[in-house]
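Residue numbers (our numbering): 641 to 945.
Read the structure below first, then the notes.
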Ligand code: ADP
């Protein structure tokens, strides 16, 4: 595929945004990337270890990312492979990953803010205070839209979770990670012998039991993402250890309805959590249903929860 190449001298690093399993992510200025802008902010992923197999994975991922283009998939601009480190250039999403965003707009936000210092997240059109039902539905609809696109390409994500979605200006949400991000959120994964880390809390019984990953297992994970959105980013089965969570999921126990979640939305979650993969509601239908709910939000009273 035609992976676009960026020159090293056109990338000026500013500061670190985060750390992933494969390297660091930096905010950078990039020159001569788009014709209408001399320079623009981007997020660059730098690959730390460049073994031969890592280099192969890098090029494979770059080719894949070049093909995946959709308004709810984070935009990939290209690579820089002059010397080291190997770099991938992405659109910069100013509010970072969706899990952190949800937590910082939920009931525990005050505590989180103290740990993060001043300056960040002040003003600039971002919803202050807690997210409303309408915000949550907008977020969910956008993730569903990206998933409809991936399913149309028969692309199985395998690791859909709010930590792998990114939030930009004006509450734009995109799916933003395909290379499996498992460092900072390491407690979300369960090591199953050797190096394989599995996001078991997001996985349906057939993925846990038989390692079967399909468009239908992505639908299950989407249901868990909905649950994360309506709990302001809680970890699914947070009260359980990994082995206990596996036990629960394979026995067919369901996550409970979050306090702020209307029954209309909980019904969508439950349609994602049908034990039989073919019984799960297609992601296209889920997307349409969410879109309809965004237009006419259900009336609910929190105190009834
Ligand atoms: P990896 O896939 O290597 O594990 P991630 O994609 O998870 O790395 O990135 C690590 C962190 O960097 C994310 O949790 C997020 O906070 C930040 N980040 C990644 N990509 C972007 C981006 N395009 N814009 C803004 N922040 C980003």
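Positions of the beta carbon are idealized from the N, C-alpha and C atoms, including for glycine.
Using only the alpha-carbon positions, how far apart do residue i and residue j sit?
i	j	result
residue 812	residue 782	8 Å
residue 666	residue 718	15 Å
residue 652	residue 661	23 Å
residue 668	residue 712	22 Å
residue 650	residue 681	12 Å
residue 683	residue 729	6 Å
residue 707	residue 792	13 Å
residue 654	residue 779	29 Å
residue 798	residue 857	8 Å
residue 925	residue 907	13 Å
residue 763	residue 771	Model confidence at residue 763 stands at a pLDDT of 41, short of 50, so the residue's coordinates are unreliable; what they give is reported in the following sentence. The straight-line gap from Cα to Cα measures roughly 15 Å.
residue 697	residue 790	20 Å
residue 679	residue 814	23 Å
residue 871	residue 689	37 Å
residue 831	residue 853	17 Å
residue 903	residue 933	12 Å
residue 844	residue 773	27 Å
residue 869	residue 725	35 Å
residue 919	residue 911	8 Å
Quick one: is the Cβ of residue i within less than 6 Å of any heavy atom of ligand 1?
i	result
residue 829	no
residue 892	no
residue 708	no
residue 736	yes
residue 716	no
residue 783	no
residue 741	no
residue 662	yes
residue 642	no
residue 683	yes
residue 858	no
residue 964	Past the boundaries of the shown model lies residue 964; the chain is included only from 641 to 945, so the question cannot be answered.
residue 733	yes
residue 786	no
residue 698	no
residue 810	no
residue 658	yes
residue 817	yes
residue 777	no
residue 674	no
residue 862	no
On the CB-based measure, 16 or more other CB atoms within 10 Å of its CB, does residue i come out buried or exposed?
i	result
residue 802	buried
residue 878	exposed
residue 893	exposed
residue 850	exposed
residue 699	exposed
residue 794	exposed
residue 861	buried
residue 748	exposed
residue 898	buried
residue 810	exposed
residue 685	buried
residue 930	buried
residue 744	buried
residue 936	exposed
Just confirm the distance between the C-beta atoms of residue i and residue j, as a whole number of angstroms; I'd bet it's less than 8 Å.
i	j	result
residue 736	residue 807	7 Å
residue 702	residue 643	5 Å
residue 800	residue 865	6 Å
residue 687	residue 694	6 Å
residue 923	residue 784	6 Å
residue 890	residue 848	6 Å
residue 867	residue 909	6 Å
Which residue's Cα is closest to the Cα of residue i: the options?
i	options	result
residue 859	903, 904, 734, 916	916
residue 775	690, 926, 746	746
residue 727	887, 648, 864	648
residue 710	787, 678, 691	787
residue 646	800, 659, 671, 939	671
residue 888	913, 734, 871	913
residue 938	900, 910, 920, 927	900
residue 875	809, 777, 692, 829	829
residue 691	676, 744, 663, 673	663
residue 741	673, 837, 804	804
residue 928	918, 905, 919	905
residue 960	656, 716, 657, 816	Lying before the first or after the last residue shown, residue 960 is absent from the chain, which here runs from 641 to 945.
residue 961	734, 723, 722	Nothing in the structure corresponds to residue 961, since the chain is present only between 641 and 945.
residue 896	769, 863, 731, 920	863
At a Cβ threshold of 7 Å, is residue i touching chain B?
i	result
residue 776	Although the question refers to chain B, the structure presented lacks it and comprises just one protein chain.
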